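Student:
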Amino acid sequence: MKIFKLLQRTKVCLLLSAGLFTNLSWGAVECSVSQLNQWTGGYQATVTVTNRGSAVSSWEIELGFSASSQLLSAWNATVTGSGTQFRASNIGWNGYLGDGSSTSFGFTASTNNNVQVLGCNSVSGSTSSSSSSSSSSSSTTTTSSSSSSSTSSSSTSSASSSSGGDCEEMCQWYQDDLRPLCVNQNSGWGWENNRSCIGRTTCESQTGIGGIVNSCGTSSSSSSSSSSSSNSSSSSSSSSSSSSSSSGGSSLARIEIFTDGGTIVDEPKILTRMTVTEYDKGAAEVTYDGNAGVEYRGSSSQMLYPKKSLAVETRDADGEDLTTSLLGFPEEEDWVLYAPYADKTMLRNTLMYSLYTDIGRYSSRWKYVDVYINNDYQGVYVFMEKLKRDKYRIDINKLKEDEISGEDVTGGYILKLDKSLEGSLDNQNPWGMGMVNFSYFTEQNSFQSQQGAMQGGEGHYFLYEYPKEDDIVAEQRSYIQQTIHNFEAALAGSNFTDSSQGYRAYIDVPSFIDYFLFTELSADVDAFNMSTYIVKDKNEKVAMGPLWDYNLAFGNANFCNGNRTDVWRYEGCSEMVGFPIPFWWNRLLQDSNYSGELKTRWQELRATTLSYQNITARIDEISQILLAANAIERNKQVWPVIGQQVWPNDFVGASYDAEITYLKSWIYDRLTWMDNTISNLP
């Protein structure tokens, strides 16, 4: 076994070939390694770094392999090296570790041999600021990083004056670990002397628990939050909320909604005052201050979760729709504030949208934001575009009321498959929760398939999404209904593989293949029968997409095989017979030409957008947006769901890192199964 010599006293973690760990503790900073997955040609592991002594501001890990390995991806750490030696160091936000604090990072690597031994040596870490650690090894500390607005040239002294002895002033960020104070008191979340820090002004702006303390644990200044802050030149209703200063230290934009005594409900939208504040390097700029119609949105999520998603419509002074740009998005008036709750990673939706956009298909643009309603913090939300016909969204022809014949009537249309139960259910849904009546299909708002569904019984319904039920005229209804019926009849018929008489005469095959592959990869329990969009542009064939609503995807459900990586989602399950899935997907795979095209496309995507390396790198990129802004911890103060079972979670991680690790591990297994299964299609 090869153990690498490091800068300071270390703890060595040995991973024996039998999978057992032997820990040799030596020094204040410890590391432990757990192997999560090993497969032919590679493995995935997680490393936990724990501090057992005085606070450190950075750490470094060296990893030794018994066999030459090639790093594939890493998250929550900067990893370099190749062959048998790799080195990992913190990435700013997770460098500071107080006594007893820990952080984790993970990595995947390829190797031609089984990993027999993995050595983990953790450097004790460089101490934070002025307490000149007796060991001379402060070599990782000073490279005078030019951070945000930091003025610190000096660097040996602590960001804030010492309170005597070995104590120094620190920032207690809500209930999180102590964080160093920046020399620049107004820097918000800053970066000085190779470490992350918090400006005094931001630290003191917190509400409730938190504020300036000394490292001995005694409060050195009141954490009071009556420090009013007033960054928002905006808003009608007082900004006396103490946290109105730099969005609680966040680099996320801040959206504030003031209801003027009104109550937000699910229809109709109520008129509110809304401000949007963006932060560029700590400076606040109000980019919208005006009216907005707001209502709750969502169906089961609205009923089940206390954190509510919102539909937002920007309005002018007269209360009419106002087309405007928010957060740099193309101008529109309809927006969504999605409230991640059951998805502890907070990124299942944004991951899917971003990957789908990468292949040139439209997905909703998105940004993470902090949301306040009447000065009360509501948590971290995802600000998104509502799916609708628009030049910059679903870009199809605008269908006018008088376009009722010839090529005029051919588009555009948007249909939607969603919760589909016919007849009276006495306000019962298929799960027996007694909350929602899904029997809302009428001839006015929808039409039904004439071909049935995967599991037999009544066929699925197509809802009119554009034009809406009140706007679509009889001739247009007739046209789009007949188009769908013709497609389904051709697909169900004996000549379904014929290029002119079969299904290909009606659908855009590449869009169906892309939609199928991405949706199957996600294994969303709502796949193919809910939040499923279908578009028909003028003089074009029927196409699938865009994607929408993947919070219960990637193993995040404990029903309907939602946790399994080894089943096709299009086949449905016995628990969801009331939600019919179109027969299309099974029938299409019976065409060898179609399955051949699908195989080729899968291989293309696996070499690029859907490679495991690319997906995990994207997860890291998105999660870093949240972690760098301390958004996970801030959201946890109002919604402490991490470590708690929330319906319908199958996996419950003890930490955010554990949730991310599970997501990556699940995706690896899903990709492996799809590789094998797709390669064996006829």
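Going by the numbering used here, the first residue of the sequence shown is number 61, and it counts up by one from there.
We put the beta carbon where it would ideally sit given N, CA and C, even for glycine.
Since this is a predicted model, take the numbers as computed values, not measurements.
(1) According to DSSP, is residue 578 part of a helix, a strand, or is it coil?
(2) Taking the straight line between their C-alpha atoms, what separation do you get for residue 622 and residue 704?
(3) For residue 363, is the classification buried or exposed, using 16 other Cβ atoms within 10 angstroms of its Cβ as the cut-off for buried?
(4) Can you grab the Cα-Cα spacing for the pair residue 128 / residue 121, in whole Å?
(5) Out of curiosity, what's the CA-to-CA distance linking residue 454 and residue 396?
(6) CA-CA distance, residue 368 and residue 479?
(7) Quick check on DSSP: helix, strand or coil for residue 263?
(8) What number of angstroms, rounded off, separates the C-alpha of residue 715 from the C-alpha of residue 352?
(9) Can you give me the Cβ contacts of residue 408 inside the same chain, cut-off strictly under 6 Å, excluding the 5 residues immediately before and after it?
(10) Could you pull the start and end residues of the alpha helix (DSSP H) that residue 547 belongs to?
(11) Can you look up residue 677 in the DSSP assignment and give me helix, strand or coil?
(12) Should residue 377 go down as buried or exposed, given a rule of 16 or more other Cβ atoms within 10 Å for buried?
(13) When the Cα atoms are used, what is the spatial distance from residue 439 to residue 596?
(14) What does residue 351 pair with, by DSSP beta-bridge criteria?
(15) Buried or exposed, going by whether 16 or more other CB atoms sit within 10 Å of the CB of residue 534?
(16) Taking 8 Å as the CB-CB cut-off, is residue 330 touching chain B?
(17) Going by beta carbon distance, what residues of the same chain come within less than 6 Å of residue 676, once the five residues before and after it are set aside?
(18) Rounded to the nearest angstrom, how far is the Cβ of residue 386 from that of residue 348, given a contact under 8 Å?
(19) With C-beta atoms as the reference, is residue 317 less than 8 Å away from residue 354?
(20) Quick check on DSSP: helix, strand or coil for residue 168?
(21) I think residue 629 touches residue 603, with their Cβ atoms under 8 Å apart; what is that distance to the nearest whole Å?
(22) Where residue 160 and residue 114 are concerned, what is the direct C-alpha to C-alpha distance, given to the nearest angstrom?
(23) What residues in its chain sit with their C-beta under 7 Å from that of residue 546, if we drop five residues either side in the sequence?
(24) Which residues in the same chain as residue 426 place their Cβ atom closer than 7 Å to its Cβ, once the five residues preceding and following it in sequence are excluded?
(25) Tell whether a beta-carbon distance below 8 Å holds between residue 470 and residue 674.
(26) Would you decide whether residue 570 is buried or exposed? Buried here means 16 or more other CB atoms lie within 10 Å of its CB.
(27) Quick check on the burial criterion: 16 or more other C-beta atoms within 10 angstroms. Buried or exposed for residue 653?
(28) Which term fits residue 452, buried or exposed, when burial requires 16 or more other beta carbons within 10 angstroms of its beta carbon?
(29) When the Cα of residue 635 is compared with those of 651, 645, 618 and 329, which residue comes out closest?
(30) For residue 743, which of 163, 616, 500 and 331 has the nearest alpha-carbon?
(31) Can you name the start and end residues of the alpha helix (DSSP H) that residue 647 belongs to?
(32) Would you call the CB atoms of residue 394 and residue 373 closer than 8 Å?
(33) Taking only the alpha-carbon atoms, compute the straight-line gap between residue 548 and residue 123 and give it to the nearest angstrom.
(34) If you run the structure through DSSP and keep just helix, strand and coil, what is residue 401?
(35) Going by the CB atoms, is the gap between residue 589 and residue 556 shorter than 8 Å?
(36) What separation, rounded to the nearest whole angstrom, lies between the Cα atoms of residue 432 and residue 321?
Tutor: The answer reads as follows:
(1) To locate residue 578, count along the sequence shown from 1; it is residue 518. Looking at residue 578 - three-state DSSP - the assignment turns out to be helix.
(2) One-based indexing of the sequence shown puts residue 622 at position 562. One-based indexing of the sequence shown puts residue 704 at position 644. Straight-line Cα distance between these residues: approximately 18 Å.
(3) In the sequence shown, counting from the first residue as 1, residue 363 sits at position 303. Using a 10 angstroms sphere on the CB of residue 363, the tally of other CB atoms stays under 16, which defines it as exposed.
(4) Residue 128 sits at position 68 when you count from the first residue of the sequence shown. Residue 121 sits at position 61 when you count from the first residue of the sequence shown. When rounded, the distance between both Cα atoms is 18 Å.
(5) Taking the sequence shown and counting its residues from 1, the one referred to as residue 454 is at position 394. Taking the sequence shown and counting its residues from 1, the one referred to as residue 396 is at position 336. Cα-Cα distance, rounded: 15 Å.
(6) Reading the sequence shown from its first residue, position 308 is the one you call residue 368. Reading the sequence shown from its first residue, position 419 is the one you call residue 479. Distance between the alpha carbons of residue 368 and residue 479: 19 Å.
(7) Walking along the sequence shown from the start, residue 263 turns up at place 203. It is helical.
(8) Here residue 715 corresponds to residue number 655 of the sequence shown, with the count starting at 1. Here residue 352 corresponds to residue number 292 of the sequence shown, with the count starting at 1. Rounded to the nearest whole angstrom, the C-alpha separation of residue 715 and residue 352 is 36 Å.
(9) Indexing the sequence shown from 1 puts residue 408 at position 348. Taken in chain order, the residues that qualify are 610, 611, 613 and 614.
(10) What you label residue 547 is simply residue 487 of the sequence shown in a count that begins at 1. Taken as a continuous stretch (DSSP letters only), the alpha helix (DSSP H) holding residue 547 covers 534 to 552.
(11) For the purposes of this step, residue 677 is taken as the residue at position 617 of the sequence shown. The three-state secondary structure of residue 677, taken from DSSP, is helix.
(12) In the sequence shown, counting from the first residue as 1, residue 377 sits at position 317. Residue 377 should be labelled exposed.
(13) Position 379 of the sequence shown, counting from 1, holds the residue named residue 439. Position 536 of the sequence shown, counting from 1, holds the residue named residue 596. In this structure, the straight-line span from the alpha carbon of residue 439 to that of residue 596 is close to 38 Å.
(14) As a first step, residue 351 must be located in the sequence shown, where it is residue number 291. In DSSP, residue 351 forms a bridge with 333 and 375.
(15) Position 474 of the sequence shown holds residue 534. Taking every protein chain shown into account, the CB of residue 534 has fewer than 16 other CB atoms within 10 angstroms, so this residue is exposed.
(16) You won't find chain B in this structure, because it holds only one protein chain.
(17) Residue 676 sits at position 616 when you count from the first residue of the sequence shown. So the qualifying residues of the chain are 133 and 724.
(18) Locating residue 386 in the sequence shown gives position 326, where the first residue counts as 1. Locating residue 348 in the sequence shown gives position 288, where the first residue counts as 1. Contact holds; Cβ gap of about 6 Å.
(19) One-based indexing of the sequence shown puts residue 317 at position 257. One-based indexing of the sequence shown puts residue 354 at position 294. Yes, Cβ-Cβ distance for residue 317 and residue 354 is below 8 Å.
(20) Position 108 of the sequence shown, counting from 1, holds the residue named residue 168. Residue 168: strand per DSSP, three-state reduction.
(21) To locate residue 629, count along the sequence shown from 1; it is residue 569. To locate residue 603, count along the sequence shown from 1; it is residue 543. Contact between residue 629 and residue 603 fails: their C-beta atoms lie close to 20 Å from each other, not under 8 Å.
(22) Position 100 of the sequence shown, counted from the first residue, corresponds to residue 160. Position 54 of the sequence shown, counted from the first residue, corresponds to residue 114. Answer to the nearest angstrom: the Cα atoms are 9 Å apart.
(23) Within the sequence shown, residue 546 is the residue found at index 486, counting from 1. Only 566 meet the Cβ criterion.
(24) Position 366 of the sequence shown holds residue 426. Cβ neighbours of residue 426 within its own chain (closer than 7 Å, five residues either side excluded): 410, 413, 442, 443 and 444.
(25) Working through the sequence shown from its first residue, we reach residue 470 at position 410. Working through the sequence shown from its first residue, we reach residue 674 at position 614. No; because the gap between Cβ atoms is not below 8 Å, this pair is not in contact.
(26) As a working note, residue 570 is residue 510 in the sequence shown. Exposed is the call here.
(27) In the sequence shown, residue 653 corresponds to position 593, counting from 1. That one is exposed.
(28) Counting from one through the sequence shown, the residue named residue 452 turns up at place 392. Burial call: exposed.
(29) On the sequence shown, position 575 is the one that residue 635 refers to. Here the closest residue by C-alpha is 618.
(30) A question about residue 743 goes unanswered here, because the residues of the chain that appear run from 61 up to 742.
(31) For the purposes of this step, residue 647 is taken as the residue at position 587 of the sequence shown. Going by DSSP, residue 647 is part of the alpha helix (DSSP H) stretching over 644 to 648.
(32) For the purposes of this step, residue 394 is taken as residue 334 along the sequence shown, with counting starting at 1. For the purposes of this step, residue 373 is taken as residue 313 along the sequence shown, with counting starting at 1. A contact, by the Cβ cut-off of 8 Å.
(33) Along the sequence shown, read from residue 1 onward, the residue named residue 548 stands at position 488. Along the sequence shown, read from residue 1 onward, the residue named residue 123 stands at position 63. Cα to Cα, residue 548 sits roughly 57 Å from residue 123.
(34) Residue 401 sits at position 341 when you count from the first residue of the sequence shown. Note: residue 401 maps to coil in three-state DSSP.
(35) Translated into positions along the sequence shown, residue 556 becomes position 496. Translated into positions along the sequence shown, residue 589 becomes position 529. Taking the C-beta atoms as reference points, residue 589 is found no nearer than 8 Å to residue 556.
(36) Walking along the sequence shown from the start, residue 432 turns up at place 372. Walking along the sequence shown from the start, residue 321 turns up at place 261. In a straight line, the C-alpha of residue 432 is about 15 Å away from that of residue 321.
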